[in-house]
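Enquirer: Just passing along the structure, written as structure tokens.
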Amino acid sequence: MPQVKVLLVGLSVTLALAATPLAAQQAPPYETKKVAEGVYVYRHVGHQSMFVVTADGVVATDPISPAAAKIYLEEIRKITPAPIRYVVYSHHHFDHIAGGAPFKEAGATFIAHRRGKTTLERLKNPTVVIPDLVVDDRAVLTVGGTRLELHHVGRNHSDNSLVVLLPKEKILFAVDFLPIREVLFRNVPDSYIDDWFDSIDRVLALDWERLIAGHPRQGGIGTKDDVRALKGYMTDLKEAVRIAADQGKCADQAMKDVKLPKYEPWGRYNEFLPGNIERMCFYWRNGWQ
Ligand SMILES: [Zn+2]
């Protein structure tokens, strides 16, 4: 009957529209949010960074990309004319730090973990500003009365993560190694599994309440419960893959068979769980820590 066909067509159109989340339709490509007095999160598409504004100057983190950094600096300038004192790299991965030039021109001193600088000097990416200062384990920046602690909490995702702790505000900025309610990235490239567990414990031992992540997925701000949940996920993943490895399933069959239904609601579960399993197969079978 023709009426029924028309209705079905209409229905399918409605469903297709409803399948695109309203937030995705309306989200601007970038946004700056105040999260505490003088503390802001700058988001550019799928990345985000934290910056701290004081009367004596600004401390920024990850300049993301050339396109993102240009707007990042403009966003800071809407808030303050104060000098840009420092840019702190969370780790050396290109997608977080490749846009430093405008900050360098504004006079900022760039800071990274020592191994991050070594790697960046080797890679010589033309849009990456090489750090001026390096941190081994810990450093403290005090700008305009605001204290920022930089901690290297060991190897995790990369061997050179620095987290930024604001002790007064109880805020922690940490990128990529503490995903919020989502599984790990692909087959967990550039990773150190045993040290990663230690890192999580070291982060949990620091005094903070809100975690600002390097990506805005799941809201981009987490809690210690989210970090404990990540440790639970990694523990469950590691154990499930150990059993699969003992049954001779690594890697291809394990990637098909191992499921962790408890984490099904987490971000990118279907997309990346097989890759996470592959990484743990390398851990158990090849000794890839
Ligand atoms: Zn990374």
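The sequence shown begins at 1 in this note's numbering and counts up by one. For every residue, glycine included, the Cβ atom is placed at its ideal position computed from N, Cα and C.
1. Could you check the C-alpha separation between P265 and E239 for me, to the nearest Å?
2. In the DSSP assignment, what residue or residues form a beta bridge with S191?
3. Is the distance from the Cβ of A82 to the Cβ of V45 below 9 Å?
4. Counting C-beta neighbours from all protein chains within 10 Å, is the total for L22 16 or more, i.e. buried, or is it exposed?
5. Is it the case that the Cβ atoms of L260 and D236 are separated by a distance below 9 Å?
6. Measuring alpha carbon to alpha carbon, tell me which of G220, I193 and V183 ends up nearest N270.
7. Excluding the 5 residues flanking L178 on each side, which residues of the same chain have their C-beta closer than 8 Å to its C-beta?
8. Which residues have a Cβ closer than 5 Å to any heavy atom of ligand 1, listed in chain order?
9. Using 8 Å for Cβ pairs, my map puts R155 next to G267. What's the rounded Cβ distance?
10. Per DSSP, M280 forms a beta bridge with which residues?
11. Check whether the stretch 158-174 and the stretch 251-259 are in contact - that is, three or more C-beta pairs closer than 8 Å.
12. Taking its Cβ as the centre, do 16 or more other Cβ atoms sit within 10 Å of G116, making it buried, or is it exposed?
13. Can you list, in chain order, the residues of its chain whose CB lies under 6 Å from that of Q48, leaving out five sequence neighbours each side?
14. Ends of the alpha helix (DSSP H) at R115?
15. Within the continuous beta strand (DSSP E) that includes T54, where are the two ends?
16. For the putative contact between V129 and L150, defined by C-beta atoms under 8 Å, what is the C-beta separation to the nearest angstrom?
17. Pair every Cβ in the stretch 88-102 with every Cβ in the stretch 53-68, then say whether three or more of these pairs are closer than 8 Å.
18. Is it true that the CB of Y89 sits closer than 9 Å to the CB of H113?
19. If you compare alpha carbons, which of W284, M280, I71 and A68 is closest to N187?
20. In the DSSP output, what is K259 paired with across the bridge?
21. Helix, strand or coil: which one does DSSP assign to F272?
22. Quick one: grab the DSSP three-state call for G222.
23. I193: which of E278, H92 and L162 sits nearest, CA to CA?
24. Measuring CB to CB, does A108 end up less than 9 Å from I84?
25. Give the DSSP bridge partners of L211, in chain order.
26. Would DSSP call R285 helix, strand or coil?
27. Kindly list the residues whose CB is nearer than 6 Å to the CB of D176, restricted to its own chain and excluding five residues on each side of it in sequence; keep chain order.
28. If you count every other CB in all the chains shown that lies within 10 Å of the CB of N276, and 16 or more means buried, which is it?
29. Between K33 and Q247, what straight-line distance do the alpha-carbon atoms span, to the nearest angstrom?
30. May I have the straight-line CA-CA distance separating K104 from H92, to the nearest angstrom?
Expert: Reading off the structure:
1. Counting from 1 along the sequence shown, the entry for residue 265 is found at position 265. Counting from 1 along the sequence shown, the entry for residue 239 is found at position 239. The alpha-carbon atoms of P265 and E239 are separated by roughly 20 Å.
2. Along the sequence shown, one-based indexing puts residue 191 at 191. According to DSSP, which records beta bridges pairwise, S191 is partnered with H157.
3. Counted from its first residue, the sequence shown places residue 82 at position 82. Counted from its first residue, the sequence shown places residue 45 at position 45. No, the Cβ-Cβ distance between A82 and V45 is not below 9 Å.
4. As a position in the sequence shown, residue 22 is number 22, starting the count at 1. Reliability of the predicted coordinates at L22 is poor, the pLDDT of 48 falling under 50, and the value obtained from them is presented with this limitation in mind. Around the CB of L22, fewer than 16 other CB atoms lie within 10 Å, so the residue is classed as exposed.
5. Residue mapping note: residue 260 aligns to position 260 of the sequence shown, counting from 1. Residue mapping note: residue 236 aligns to position 236 of the sequence shown, counting from 1. In this structure, L260 places its C-beta atom within 9 Å of the C-beta atom of D236.
6. On the sequence shown, position 270 is the one that residue 270 refers to. The residue among G220, I193 and V183 with its C-alpha nearest the C-alpha of N270 is V183.
7. Taking the first residue of the sequence shown as 1, we reach residue 178 at position 178. In the same chain as L178, and ignoring 5 residues on each side of it, the C-beta atoms closer than 8 Å to its own belong to I200, V203, L211, A213, G222, D226, V227 and L230, in chain order.
8. Qualifying residues come out as H93 and D176.
9. For the purposes of this step, residue 155 is taken as residue 155 along the sequence shown, with counting starting at 1. For the purposes of this step, residue 267 is taken as residue 267 along the sequence shown, with counting starting at 1. Their Cβ separation, rounded to whole angstroms, is 24 Å, which puts R155 and G267 out of contact at 8 Å.
10. Within the sequence shown, numbered from 1, the residue matching residue 280 stands at position 280. Beta-bridge pairing links M280 to no other residue.
11. Verdict: no, contact absent.
12. On the sequence shown, residue 116 is found 116 positions in, with the first residue counted as 1. Result: buried.
13. The sequence position of residue 48 within the sequence shown is 48, counting from 1. Exclusion of the five residues before and after Q48 leaves V41, P216 and G220 as the residues of its chain whose Cβ lies within less than 6 Å of its Cβ.
14. Position 115 of the sequence shown holds residue 115. Boundaries of the alpha helix (DSSP H) harbouring R115: R114 to L123, taken from the DSSP string.
15. Locating residue 54 in the sequence shown gives position 54, where the first residue counts as 1. Where T54 is concerned, the enclosing beta strand (DSSP E) starts and stops at H47 to T54.
16. In the sequence shown, residue 129 corresponds to position 129, counting from 1. In the sequence shown, residue 150 corresponds to position 150, counting from 1. V129 to L150, Cβ: 17 Å. No contact.
17. A contact exists between the stretch 88-102 and the stretch 53-68.
18. Here residue 113 corresponds to residue number 113 of the sequence shown, with the count starting at 1. Here residue 89 corresponds to residue number 89 of the sequence shown, with the count starting at 1. Yes, they are a contact pair.
19. Within the sequence shown, residue 187 is the residue found at index 187, counting from 1. Distance check between N187 and each of W284, M280, I71 and A68 places M280 closest, using alpha-carbon atoms only.
20. On the sequence shown, position 259 is the one that residue 259 refers to. Bridge pairing for K259: absent [DSSP].
21. As a position in the sequence shown, residue 272 is number 272, starting the count at 1. Note: F272 maps to helix in three-state DSSP.
22. Here residue 222 refers to the residue found at position 222 when the sequence shown is read from its first residue. DSSP, read as helix, strand or coil, puts G222 in strand.
23. Numbered from 1 along the sequence shown, position 193 holds the residue referred to as residue 193. Between I193 and the set E278, H92 and L162, the nearest pair of CA atoms involves E278.
24. Working through the sequence shown from its first residue, we reach residue 108 at position 108. Working through the sequence shown from its first residue, we reach residue 84 at position 84. Closer than 9 Å, so yes.
25. Start at 1 with the first residue of the sequence shown, and residue 211 comes out as number 211. Per DSSP, L172 and G222.
26. As a first step, residue 285 is located in the sequence shown; it is residue number 285 there, counting from the start. Judged by DSSP in its simplified three-state form, R285 adopts helix.
27. Mapped onto the sequence shown, residue 176 falls at position 176. In the same chain as D176, and ignoring 5 residues on each side of it, the C-beta atoms closer than 6 Å to its own belong to H157 and G214, in chain order.
28. In the sequence shown, residue 276 corresponds to position 276, counting from 1. So N276 ends up on the buried side.
29. In the sequence shown, residue 33 corresponds to position 33, counting from 1. In the sequence shown, residue 247 corresponds to position 247, counting from 1. Looking at the two C-alpha atoms, the distance is approximately 49 Å.
30. Reading the sequence shown from its first residue, position 104 is the one you call residue 104. Reading the sequence shown from its first residue, position 92 is the one you call residue 92. When rounded, the distance between both Cα atoms is 17 Å.
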